[in-house]
Amino acid sequence: MPTVLTLVEPHLAYLSAAAVAHGSSRQRAVLGAMLARASATVAPPTTYESGLYILAGGDSAARVAVAPVTWLHDYGARATADCWRADPAHVRLGSGRDTGVVFGTALALDTREAATFAADIAAALEWPPWKLVAPVADRWYLHDMAWPQIDTATPVEVGQSGFSAALPRGAAAADLRRALSEVQMLLSDHPLNLERVRRGLPAVNSLWFWGGGRGPDPGTGIRCSRLFGEDPFLGGLGRMVEEEMRPLPSPSDEEFWANCRGETLMALSPNVAFAGPGEKAAALERLVCWLTEARRRLLTGRLSELRLADALGRRFCWRRFDPLRIWRRTIPPLGRQQ
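The opening position of the sequence shown corresponds to residue 1474 in the numbering used here, with each subsequent residue numbered one higher.
Structure (structure tokens):
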């Protein structure tokens, strides 16, 4: 059975540019030499989650709703009905329009606050307490909400386009937009937000509904035998086939390489903006170290194939002796940068 390692780095374009601009000579040499000797392909642009599903061996023609998959990761059991992500957000306002959106850990939201917000919203809208739940401080769910299948933007896309521009349009999205407006009114003067502002933290003044639907059937999904990383969507994909996502090992971990069989997928970085220069530098060094060690394992025959992808359409592939090619291709543009 071929041994294939797929490294997924959502910030590949940004890190490649960072290596050229201010990386070390070693980092520039490794990235330049490897990318120039790869077989490169470009797939149609997609969301990170859809790309990750395909890279893990999922059906490229299938539509996979994000919320039921991350629900499986967070709860360890399948959602019993349609569910949607209802992620907390801070929409920055200026000159009568939104000028930016804050999601995730940048909200500095703790689990107590998240549970209080969710319970108060559900009570005010006369929803049962299980309707809106917050198992993770920055990852909430709206459960048993059978809205029509609507194309909704991911938080990453909302951050790029702006909150208002990303809102779903049309009659099918009317109920979703109505619920969103009601939630925003409830949050506008919530006591917890007044307290957060006094502490210098962003107010949670909206939710973002996205990724809704019903999960795939048990046992369907991916073919990768091992998954590594921290991404909740990847963790849910693993649980669909009774495979647990594991923490990232060190590139020099001999136990990892000894057990490397079949197809392994590794998400090197979370699909969120870097918090600062330290995170960027660490991500670049991690990418270079994995490429260096994987190249060595490829040349010794421990790996049959090495793949590097950003899960957004760009993929690079090497087989055993590709890193020794004399010819070098011009490295194509890597696409979206942070």
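Virtual Cβ for every residue (Gly too), placed ideally from N, Cα, C.
Residue i in three-state terms, based on DSSP
| i | result |
| --- | --- |
| V1606 | strand |
| H1484 | coil |
| T1589 | helix |
| A1513 | strand |
| S1489 | helix |
| P1705 | helix |
| S1742 | coil |
| C1762 | helix |
| T1479 | strand |
| G1505 | helix |
| A1782 | strand |
| G1686 | strand |
| Q1657 | helix |
| R1536 | coil |
| F1576 | coil |
| D1547 | helix |
| F1789 | strand |
| L1665 | helix |
| A1581 | coil |
| A1645 | helix |
Contacts around residue i, its chain only, beta-carbon distance under 6 Å, and the 5 residues preceding and following it disregarded
| i | result |
| --- | --- |
| A1626 | A1639 |
| D1795 | R1510 |
| F1747 | K1753 |
| N1744 | P1483 and Y1521 |
| T1765 | V1503 |
| P1705 | T1543 and H1546 |
| G1709 | V1542, T1543, L1545 and H1546 |
Whole-angstrom C-beta distance between residue j and residue i, which should lie under 8 Å
| i | j | result |
| --- | --- | --- |
| A1559 | L1480 | That belief does not hold up - the Cβ atoms of A1559 and L1480 are roughly 32 Å apart, past 8 Å. |
| W1620 | L1653 | About 11 Å; that fails the 8 Å criterion. |
| G1684 | W1557 | 7 Å |
Short Cβ contact (8 Å threshold) for residue i with residue j
| i | j | result |
| --- | --- | --- |
| L1700 | G1711 | yes |
| Y1521 | P1483 | yes |
| P1541 | D1611 | no |
| A1645 | W1613 | no |
| L1660 | V1677 | yes |
| T1492 | Q1500 | According to the sequence provided, residue 1492 is Ala. The question's Thr does not apply to it. In contact: A1492 and Q1500 (Cβ atoms closer than 8 Å). |
| F1576 | G1632 | yes |
| W1791 | L1771 | yes |
| L1528 | A1767 | no |
| G1735 | T1553 | no |
| W1730 | R1672 | no |
Through-space distance from residue j to residue i, alpha-carbon basis
| i | j | result |
| --- | --- | --- |
| G1686 | R1536 | 10 Å |
| V1606 | A1592 | 8 Å |
| R1478 | R1780 | Note on residue identity: the sequence assigns Leu, not Arg, to residue 1478. Their backbone Cα atoms lie some 6 Å apart in a straight line. |
| T1814 | G1643 | Coverage of the chain is limited to positions 1474 through 1811, which leaves residue 1814 absent and any answer about it impossible. |
| L1580 | S1777 | 43 Å |
| M1739 | P1724 | 11 Å |
| R1787 | E1717 | 26 Å |
| T1737 | S1698 | 6 Å |
| L1707 | A1550 | 15 Å |
| L1485 | A1597 | 44 Å |
| E1668 | L1674 | 9 Å |
| V1670 | A1647 | 31 Å |
| T1543 | V1609 | 11 Å |
| I1623 | N1732 | 41 Å |
| R1793 | M1474 | 15 Å |
| A1534 | P1689 | 13 Å |
| T1578 | V1539 | 19 Å |
| S1523 | M1713 | 15 Å |
| P1517 | D1617 | 32 Å |
| S1634 | G1702 | 27 Å |
| E1599 | H1663 | 17 Å |
| R1769 | Y1548 | 39 Å |
| D1583 | E1728 | 36 Å |
| A1755 | P1641 | 36 Å |
| G1808 | G1749 | The predicted position of G1808 is uncertain, since its pLDDT is 46 and thus under 50; no value can be drawn from it. |
| G1505 | S1512 | 14 Å |
| M1507 | R1719 | 27 Å |
| E1655 | E1715 | 39 Å |
Same chain, Cβ closer than 7 Å to residue i, neighbours up to 5 away in sequence not counted
| i | result |
| --- | --- |
| G1531 | V1537, G1694 and I1695 |
| Q1657 | N1678 and S1679 |
| L1665 | E1586, T1589 and F1590 |
| T1519 | L1785 and G1786 |
| W1763 | L1480, P1724 and L1741 |
| L1757 | L1488, A1491, A1492, G1496 and Q1500 |
| V1564 | D1571, V1574, F1636, N1678 and S1679 |
| W1800 | Residue placement at W1800 is flagged as unreliable, the pLDDT there being 49, under the threshold of 50; a coordinate-derived value is accordingly withheld. |
| E1630 | A1639 |
| D1555 | D1617, M1618, A1619, G1685, G1686 and R1687 |
Beta-carbon proximity list for residue i, same chain, < 8 Å, skipping 5 on both sides
| i | result |
| --- | --- |
| A1595 | P1601, P1602, K1604 and L1605 |
| P1628 | D1560, A1562, V1574, F1576, G1577, W1681 and W1683 |
Contact test: residue i Cβ vs the ligand ADP heavy atom, cutoff 7 Å
| i | result |
| --- | --- |
| D1795 | Only the bare structure without any ligand can be found here, which leaves the ligand ADP out of the picture. |
CB contact below 8 Å: residue i versus chain C
| i | result |
| --- | --- |
| A1587 | Checking the listed chains, one finds no chain C in this structure; it contains a single protein chain. |
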